[in-house]
Amino acid sequence: MTYATKHGATAEIAQAIGEELQEMGFDTEVHPVKEAYDVGSFDAVILGSAIYNRKWLREAMRFGKRHAAELREKPVWLFGSGPIGTAATRKSFEGSESPSDLERRFWAQESVMFSGRLRPGDVGWLARRRARKAAGPGNMFGDWRNLEGVRMWARDIGTGLQEARAASPKGESLLVGFRELVRRSLPPLRVPKASPAGGERAVPDPRPRAPAPSRAGTGSPAGRETVLTDRDMDPSVDLRTGESLVVRLMETPETGFRWAIDTVDPAVLYLRRDDLVKDPDPNVIEGTLRHFEFIASRPGKCKLVLKLWDESIGEESIEEQYTVAVRIR
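Residues 280 to 608 in the working numbering are what the sequence shown lists, from first letter to last.
Next comes the structure, spelled out in C-alpha coordinates:
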(Lines of atoms letter the chains of each structure in order from A and count residues from 1; the text may use other names and numbers.)
(Lines give C-alpha, C1' and ligand atoms only; values in the text may rest on other atoms or scores of the structure.)
Protein backbone atom coordinates (compact mmCIF):
# COMPACT_ATOMS: atom_id res chain seq x y z
CA MET A 1 0.00 0.00 0.00
CA THR A 2 1.68 3.21 -1.16
CA TYR A 3 0.35 6.74 -1.39
CA ALA A 4 1.05 10.42 -1.99
CA THR A 5 -0.49 12.87 0.46
CA LYS A 6 -0.36 16.61 0.97
CA HIS A 7 -1.93 17.26 4.36
CA GLY A 8 -2.27 13.74 5.79
CA ALA A 9 -5.86 12.83 4.85
CA THR A 10 -4.81 10.40 2.11
CA ALA A 11 -2.20 8.87 4.42
CA GLU A 12 -4.94 8.07 6.95
CA ILE A 13 -7.00 6.41 4.21
CA ALA A 14 -3.97 4.33 3.24
CA GLN A 15 -3.42 3.32 6.87
CA ALA A 16 -7.06 2.24 7.18
CA ILE A 17 -6.71 0.08 4.06
CA GLY A 18 -3.49 -1.46 5.34
CA GLU A 19 -4.95 -2.21 8.77
CA GLU A 20 -8.01 -3.88 7.26
CA LEU A 21 -5.89 -6.12 5.04
CA GLN A 22 -3.65 -7.02 7.99
CA GLU A 23 -6.72 -8.06 9.98
CA MET A 24 -7.61 -10.39 7.09
CA GLY A 25 -4.22 -12.06 7.45
CA PHE A 26 -2.23 -10.33 4.71
CA ASP A 27 1.38 -9.29 5.23
CA THR A 28 0.86 -5.62 4.41
CA GLU A 29 3.25 -2.68 4.30
CA VAL A 30 2.14 0.96 4.04
CA HIS A 31 4.64 3.51 2.70
CA PRO A 32 4.61 6.96 1.08
CA VAL A 33 5.57 6.69 -2.59
CA LYS A 34 8.89 8.40 -1.82
CA GLU A 35 9.81 5.46 0.43
CA ALA A 36 8.41 2.63 -1.74
CA TYR A 37 11.25 1.13 -3.75
CA ASP A 38 11.02 -2.66 -3.90
CA VAL A 39 7.72 -3.02 -5.77
CA GLY A 40 8.71 -6.31 -7.40
CA SER A 41 8.81 -8.20 -4.09
CA PHE A 42 5.07 -7.69 -3.43
CA ASP A 43 2.21 -9.79 -4.79
CA ALA A 44 -0.19 -6.85 -5.22
CA VAL A 45 -0.05 -3.06 -5.06
CA ILE A 46 -2.55 -0.39 -4.01
CA LEU A 47 -1.58 3.11 -5.15
CA GLY A 48 -3.38 6.20 -3.88
CA SER A 49 -3.03 9.94 -4.24
CA ALA A 50 -4.54 13.13 -2.96
CA ILE A 51 -6.42 15.01 -5.70
CA TYR A 52 -5.85 18.72 -6.27
CA ASN A 53 -7.48 20.53 -9.18
CA ARG A 54 -8.72 17.10 -10.33
CA LYS A 55 -5.14 15.89 -10.72
CA TRP A 56 -3.07 13.30 -8.93
CA LEU A 57 -0.01 14.55 -7.06
CA ARG A 58 3.15 14.56 -9.11
CA GLU A 59 5.02 12.07 -6.93
CA ALA A 60 2.23 9.48 -7.30
CA MET A 61 2.30 9.88 -11.07
CA ARG A 62 6.07 9.51 -11.11
CA PHE A 63 5.81 6.34 -9.03
CA GLY A 64 3.29 4.79 -11.44
CA LYS A 65 5.39 5.63 -14.49
CA ARG A 66 8.70 4.55 -12.94
CA HIS A 67 7.36 1.14 -11.86
CA ALA A 68 4.97 0.55 -14.78
CA ALA A 69 6.80 -2.57 -16.01
CA GLU A 70 6.54 -4.21 -12.58
CA LEU A 71 2.94 -3.09 -12.08
CA ARG A 72 1.90 -4.77 -15.34
CA GLU A 73 2.85 -8.11 -13.79
CA LYS A 74 0.66 -7.92 -10.67
CA PRO A 75 -2.86 -6.88 -9.63
CA VAL A 76 -3.07 -3.14 -8.92
CA TRP A 77 -5.78 -0.98 -7.35
CA LEU A 78 -5.91 2.82 -7.59
CA PHE A 79 -7.68 5.36 -5.41
CA GLY A 80 -7.87 9.12 -5.26
CA SER A 81 -8.92 11.31 -2.34
CA GLY A 82 -10.10 14.86 -2.78
CA PRO A 83 -13.75 15.94 -3.31
CA ILE A 84 -15.02 18.23 -0.53
CA GLY A 85 -18.26 20.01 0.38
CA THR A 86 -21.30 19.27 -1.77
CA ALA A 87 -18.88 18.07 -4.45
CA ALA A 88 -18.08 15.10 -2.23
CA THR A 89 -21.40 13.49 -3.18
CA ARG A 90 -21.60 14.46 -6.84
CA LYS A 91 -22.07 11.59 -9.23
CA SER A 92 -19.26 12.93 -11.39
CA PHE A 93 -16.84 11.65 -8.75
CA GLU A 94 -18.30 8.15 -8.54
CA GLY A 95 -16.94 5.07 -10.27
CA SER A 96 -13.64 4.73 -12.05
CA GLU A 97 -11.43 7.81 -12.15
CA SER A 98 -7.72 7.25 -12.69
CA PRO A 99 -5.05 9.22 -14.53
CA SER A 100 -5.04 8.42 -18.23
CA ASP A 101 -1.23 8.65 -18.27
CA LEU A 102 -1.11 5.66 -15.92
CA GLU A 103 -3.87 3.74 -17.70
CA ARG A 104 -1.70 3.66 -20.81
CA ARG A 105 1.13 2.02 -18.89
CA PHE A 106 -0.64 -0.62 -16.79
CA TRP A 107 -4.19 -1.63 -15.93
CA ALA A 108 -5.93 -1.61 -12.57
CA GLN A 109 -8.37 -4.10 -11.11
CA GLU A 110 -10.38 -1.13 -9.91
CA SER A 111 -10.02 2.63 -9.58
CA VAL A 112 -12.12 4.59 -7.08
CA MET A 113 -12.48 8.12 -5.74
CA PHE A 114 -12.90 8.83 -2.02
CA SER A 115 -14.08 12.10 -0.53
CA GLY A 116 -11.49 14.25 1.19
CA ARG A 117 -10.79 16.53 4.13
CA LEU A 118 -9.91 20.23 4.24
CA ARG A 119 -8.86 22.23 7.29
CA PRO A 120 -8.36 26.03 7.41
CA GLY A 121 -4.63 25.70 7.95
CA ASP A 122 -4.18 23.37 4.97
CA VAL A 123 -4.47 26.00 2.23
CA GLY A 124 -3.28 29.47 1.32
CA TRP A 125 -5.41 32.19 -0.24
CA LEU A 126 -5.07 30.96 -3.84
CA ALA A 127 -5.81 27.34 -2.95
CA ARG A 128 -8.67 28.59 -0.77
CA ARG A 129 -10.29 30.27 -3.77
CA ARG A 130 -9.98 27.09 -5.81
CA ALA A 131 -11.34 25.00 -2.94
CA ARG A 132 -14.32 27.33 -2.55
CA LYS A 133 -15.19 26.86 -6.22
CA ALA A 134 -14.74 23.09 -6.04
CA ALA A 135 -16.70 22.66 -2.80
CA GLY A 136 -19.88 24.36 -4.00
CA PRO A 137 -22.41 25.97 -1.63
CA GLY A 138 -21.90 25.64 2.10
CA ASN A 139 -18.85 25.24 4.29
CA MET A 140 -15.77 24.15 2.38
CA PHE A 141 -13.93 23.08 5.54
CA GLY A 142 -14.61 19.71 7.08
CA ASP A 143 -13.97 15.99 6.82
CA TRP A 144 -16.11 14.18 4.23
CA ARG A 145 -14.18 10.92 4.28
CA ASN A 146 -16.15 7.74 4.87
CA LEU A 147 -13.52 5.55 6.50
CA GLU A 148 -15.97 2.68 6.96
CA GLY A 149 -16.54 2.75 3.21
CA VAL A 150 -12.77 2.72 2.75
CA ARG A 151 -12.49 -0.36 4.97
CA MET A 152 -15.28 -2.09 3.05
CA TRP A 153 -13.34 -1.45 -0.17
CA ALA A 154 -10.22 -2.91 1.47
CA ARG A 155 -12.18 -6.02 2.50
CA ASP A 156 -13.39 -6.44 -1.08
CA ILE A 157 -9.78 -6.29 -2.23
CA GLY A 158 -8.78 -8.84 0.40
CA THR A 159 -11.55 -11.22 -0.63
CA GLY A 160 -10.52 -10.89 -4.27
CA LEU A 161 -6.90 -11.63 -3.39
CA GLN A 162 -7.89 -14.74 -1.44
CA GLU A 163 -9.99 -16.03 -4.33
CA ALA A 164 -7.25 -15.25 -6.86
CA ARG A 165 -4.65 -17.06 -4.75
CA ALA A 166 -6.86 -20.14 -4.60
CA ALA A 167 -7.34 -20.00 -8.40
CA SER A 168 -3.65 -19.41 -9.26
CA PRO A 169 -1.53 -22.40 -10.28
CA LYS A 170 1.38 -22.98 -7.92
CA GLY A 171 4.19 -20.54 -8.58
CA GLU A 172 2.09 -18.19 -10.72
CA SER A 173 1.25 -14.59 -9.92
CA LEU A 174 -2.06 -13.45 -8.49
CA LEU A 175 -2.80 -11.79 -11.82
CA VAL A 176 -3.07 -15.27 -13.34
CA GLY A 177 -5.57 -16.14 -10.63
CA PHE A 178 -7.73 -13.12 -11.39
CA ARG A 179 -7.80 -14.06 -15.07
CA GLU A 180 -8.74 -17.60 -14.15
CA LEU A 181 -11.65 -16.29 -12.07
CA VAL A 182 -12.87 -14.27 -15.05
CA ARG A 183 -12.52 -17.31 -17.32
CA ARG A 184 -14.57 -19.48 -14.96
CA SER A 185 -17.39 -16.94 -14.97
CA LEU A 186 -17.71 -16.97 -18.77
CA PRO A 187 -20.12 -19.13 -20.79
CA PRO A 188 -18.64 -21.82 -23.07
CA LEU A 189 -16.97 -20.46 -26.20
CA ARG A 190 -18.06 -21.41 -29.69
CA VAL A 191 -14.74 -21.93 -31.46
CA PRO A 192 -14.60 -21.58 -35.27
CA LYS A 193 -13.26 -24.73 -36.94
CA ALA A 194 -11.73 -25.11 -40.37
CA SER A 195 -13.81 -27.04 -42.91
CA PRO A 196 -12.17 -29.43 -45.46
CA ALA A 197 -12.50 -26.68 -48.05
CA GLY A 198 -10.47 -24.28 -45.94
CA GLY A 199 -13.40 -22.07 -44.92
CA GLU A 200 -14.74 -21.47 -41.44
CA ARG A 201 -17.82 -22.77 -39.70
CA ALA A 202 -19.09 -22.32 -36.17
CA VAL A 203 -19.72 -25.23 -33.83
CA PRO A 204 -23.52 -25.59 -33.49
CA ASP A 205 -24.81 -23.89 -30.37
CA PRO A 206 -27.59 -25.82 -28.57
CA ARG A 207 -28.77 -22.68 -26.79
CA PRO A 208 -31.69 -20.61 -28.17
CA ARG A 209 -30.59 -18.36 -31.00
CA ALA A 210 -30.04 -14.75 -30.00
CA PRO A 211 -31.17 -11.80 -32.12
CA ALA A 212 -28.90 -10.77 -34.97
CA PRO A 213 -25.55 -9.25 -33.85
CA SER A 214 -25.48 -5.50 -33.43
CA ARG A 215 -23.38 -3.39 -35.76
CA ALA A 216 -20.17 -2.12 -34.19
CA GLY A 217 -20.65 1.19 -32.47
CA THR A 218 -24.44 1.00 -32.17
CA GLY A 219 -24.49 -0.38 -28.62
CA SER A 220 -27.70 -2.27 -29.33
CA PRO A 221 -28.81 -4.20 -26.22
CA ALA A 222 -30.34 -6.90 -28.42
CA GLY A 223 -27.01 -8.14 -29.81
CA ARG A 224 -24.83 -10.54 -27.86
CA GLU A 225 -21.96 -10.23 -30.31
CA THR A 226 -20.28 -7.38 -32.17
CA VAL A 227 -18.09 -8.27 -35.14
CA LEU A 228 -15.24 -6.17 -36.50
CA THR A 229 -13.28 -6.99 -39.63
CA ASP A 230 -10.19 -5.41 -41.14
CA ARG A 231 -12.30 -4.52 -44.19
CA ASP A 232 -14.93 -2.64 -42.21
CA MET A 233 -13.33 -1.36 -39.01
CA ASP A 234 -15.29 1.10 -36.85
CA PRO A 235 -13.48 3.66 -34.68
CA SER A 236 -15.58 2.89 -31.59
CA VAL A 237 -17.64 0.07 -30.09
CA ASP A 238 -20.20 0.16 -27.28
CA LEU A 239 -20.78 -3.10 -25.40
CA ARG A 240 -22.63 -4.27 -22.34
CA THR A 241 -21.00 -6.41 -19.69
CA GLY A 242 -21.13 -10.03 -20.81
CA GLU A 243 -21.35 -9.27 -24.53
CA SER A 244 -18.60 -10.43 -26.84
CA LEU A 245 -16.47 -8.64 -29.40
CA VAL A 246 -15.13 -10.64 -32.34
CA VAL A 247 -12.26 -9.36 -34.47
CA ARG A 248 -12.20 -11.31 -37.72
CA LEU A 249 -9.35 -10.82 -40.17
CA MET A 250 -10.56 -11.53 -43.68
CA GLU A 251 -7.18 -12.35 -45.18
CA THR A 252 -4.29 -14.38 -43.79
CA PRO A 253 -1.07 -12.31 -43.68
CA GLU A 254 1.52 -13.08 -46.31
CA THR A 255 4.63 -15.04 -45.35
CA GLY A 256 6.79 -12.96 -43.02
CA PHE A 257 3.90 -10.73 -41.97
CA ARG A 258 1.79 -11.05 -38.86
CA TRP A 259 -1.14 -9.40 -37.13
CA ALA A 260 -0.87 -8.03 -33.61
CA ILE A 261 -3.74 -6.87 -31.42
CA ASP A 262 -2.84 -4.73 -28.41
CA THR A 263 -5.39 -4.46 -25.60
CA VAL A 264 -4.89 -1.62 -23.14
CA ASP A 265 -6.88 -3.27 -20.36
CA PRO A 266 -7.43 -7.05 -20.57
CA ALA A 267 -9.20 -6.91 -17.19
CA VAL A 268 -11.99 -4.99 -18.95
CA LEU A 269 -11.95 -6.67 -22.37
CA TYR A 270 -10.83 -10.23 -21.77
CA LEU A 271 -9.46 -12.59 -24.45
CA ARG A 272 -11.53 -15.77 -24.34
CA ARG A 273 -9.02 -17.97 -26.15
CA ASP A 274 -5.69 -18.06 -24.35
CA ASP A 275 -4.28 -20.43 -26.97
CA LEU A 276 -4.08 -17.44 -29.31
CA VAL A 277 -1.53 -15.60 -27.17
CA LYS A 278 1.85 -15.81 -28.90
CA ASP A 279 3.72 -13.07 -27.07
CA PRO A 280 5.19 -13.07 -23.53
CA ASP A 281 3.30 -9.83 -22.91
CA PRO A 282 -0.30 -10.85 -22.04
CA ASN A 283 -1.43 -7.55 -23.55
CA VAL A 284 -0.34 -8.55 -27.06
CA ILE A 285 -1.87 -11.21 -29.29
CA GLU A 286 0.23 -12.02 -32.33
CA GLY A 287 0.35 -14.56 -35.11
CA THR A 288 -1.19 -15.48 -38.42
CA LEU A 289 -4.49 -16.38 -36.75
CA ARG A 290 -7.59 -14.75 -38.16
CA HIS A 291 -10.19 -14.90 -35.41
CA PHE A 292 -10.02 -13.27 -31.97
CA GLU A 293 -12.89 -13.22 -29.48
CA PHE A 294 -13.07 -11.00 -26.40
CA ILE A 295 -15.60 -10.77 -23.59
CA ALA A 296 -16.70 -7.51 -21.94
CA SER A 297 -15.99 -8.55 -18.36
CA ARG A 298 -16.82 -5.31 -16.48
CA PRO A 299 -17.71 -1.66 -17.15
CA GLY A 300 -14.82 0.48 -18.33
CA LYS A 301 -12.93 1.75 -21.33
CA CYS A 302 -9.99 0.42 -23.34
CA LYS A 303 -8.54 0.43 -26.82
CA LEU A 304 -7.78 -2.25 -29.36
CA VAL A 305 -4.92 -1.52 -31.74
CA LEU A 306 -4.76 -3.84 -34.75
CA LYS A 307 -1.44 -3.86 -36.63
CA LEU A 308 -0.08 -5.70 -39.66
CA TRP A 309 3.71 -5.69 -39.87
CA ASP A 310 6.73 -7.46 -41.33
CA GLU A 311 8.12 -9.78 -38.68
CA SER A 312 11.64 -9.72 -40.14
CA ILE A 313 11.90 -5.94 -39.75
CA GLY A 314 9.73 -5.30 -36.73
CA GLU A 315 6.95 -2.86 -35.98
CA GLU A 316 8.81 -0.13 -37.84
CA SER A 317 7.36 -1.76 -40.96
CA ILE A 318 3.68 -1.46 -39.99
CA GLU A 319 1.62 -1.53 -43.19
CA GLU A 320 -1.85 -1.24 -41.68
CA GLN A 321 -3.09 -0.08 -38.30
CA TYR A 322 -6.59 0.31 -36.87
CA THR A 323 -7.48 1.75 -33.46
CA VAL A 324 -10.85 0.97 -31.92
CA ALA A 325 -12.11 2.63 -28.74
CA VAL A 326 -14.18 0.19 -26.67
CA ARG A 327 -16.65 1.33 -24.02
CA ILE A 328 -18.37 -1.19 -21.76
CA ARG A 329 -21.45 -0.40 -19.70
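Idealized CB from N, CA, C, for every residue including glycine.
So is residue i buried or exposed if we call it buried at 16+ other beta carbons inside 10 Å?
i: ARG396; result: buried
i: SER320; result: exposed
i: GLY297; result: buried
i: MET431; result: exposed
i: ASP306; result: exposed
i: ARG458; result: buried
i: GLY258; result: No information on residue 258 is available, as it lies outside the stretch 280 to 608 that the chain covers here.
i: GLY287; result: exposed
i: GLY428; result: exposed
i: ASP380; result: exposed
Helix, strand or coil: how does DSSP classify residue i here?
i: LEU336; result: coil
i: SER320; result: helix
i: MET280; result: coil
i: GLU388; result: With the sequence shown as reference, residue 388 is identified as Gln, and Glu is not the correct amino acid for it. Of the three classes helix, strand and coil, the one that applies to GLN388 here is coil, per DSSP.
i: ALA433; result: helix
i: ARG345; result: helix
i: PRO309; result: Inspection of the sequence shows that residue 309 is occupied by Val rather than by Pro. Coil at VAL309, not helix or strand.
i: THR602; result: strand
i: ARG527; result: strand
i: VAL355; result: strand
i: ARG396; result: strand
i: GLU302; result: helix
i: GLU451; result: coil
i: GLU427; result: helix
i: ALA539; result: strand
i: ASN521; result: In the sequence as presented, Asn is not what sits at residue 521; that position holds Gly. Three-state result, GLY521: coil.
i: VAL617; result: Only positions 280 to 608 of the chain appear in this structure, which leaves residue 617 out of reach.
i: ALA443; result: helix
i: LYS327; result: Looking at the sequence shown, residue 327 is not Lys but Gly. In this structure, GLY327 counts as strand in the three-state DSSP scheme.
How about residue i and residue j: are their beta carbons less than 8 Å apart?
i: ILE540; j: PHE393; result: no
i: VAL324; j: VAL318; result: yes
i: PRO578; j: THR520; result: yes
i: PRO354; j: ALA443; result: yes
i: ILE330; j: GLY361; result: yes
i: ALA283; j: ALA339; result: yes
i: GLY343; j: LEU350; result: yes
i: VAL605; j: LEU548; result: yes
i: SER515; j: GLU572; result: no
i: VAL603; j: LEU583; result: yes
i: ALA387; j: LEU426; result: no
i: VAL461; j: SER576; result: yes
i: THR281; j: HIS310; result: yes
i: LEU518; j: ILE607; result: yes
i: LEU300; j: ALA433; result: yes
Just confirm the distance between the C-beta atoms of residue i and residue j, as a whole number of angstroms; I'd bet it's less than 8 Å.
i: ARG527; j: THR508; result: 5 Å
Could one say the Cβ of residue i lies closer than 8 Å to chain B's Cβ atoms, at least one of them?
i: PHE573; result: The chain labelled as chain B is not found in the depicted structure, where only one protein chain is given.
Return yes when at least one heavy atom of the ligand ZN lies under 7 Å from the C-beta of residue i, else no.
i: SER515; result: The ligand content of the structure shown is nil, which means the ligand ZN is not present either.
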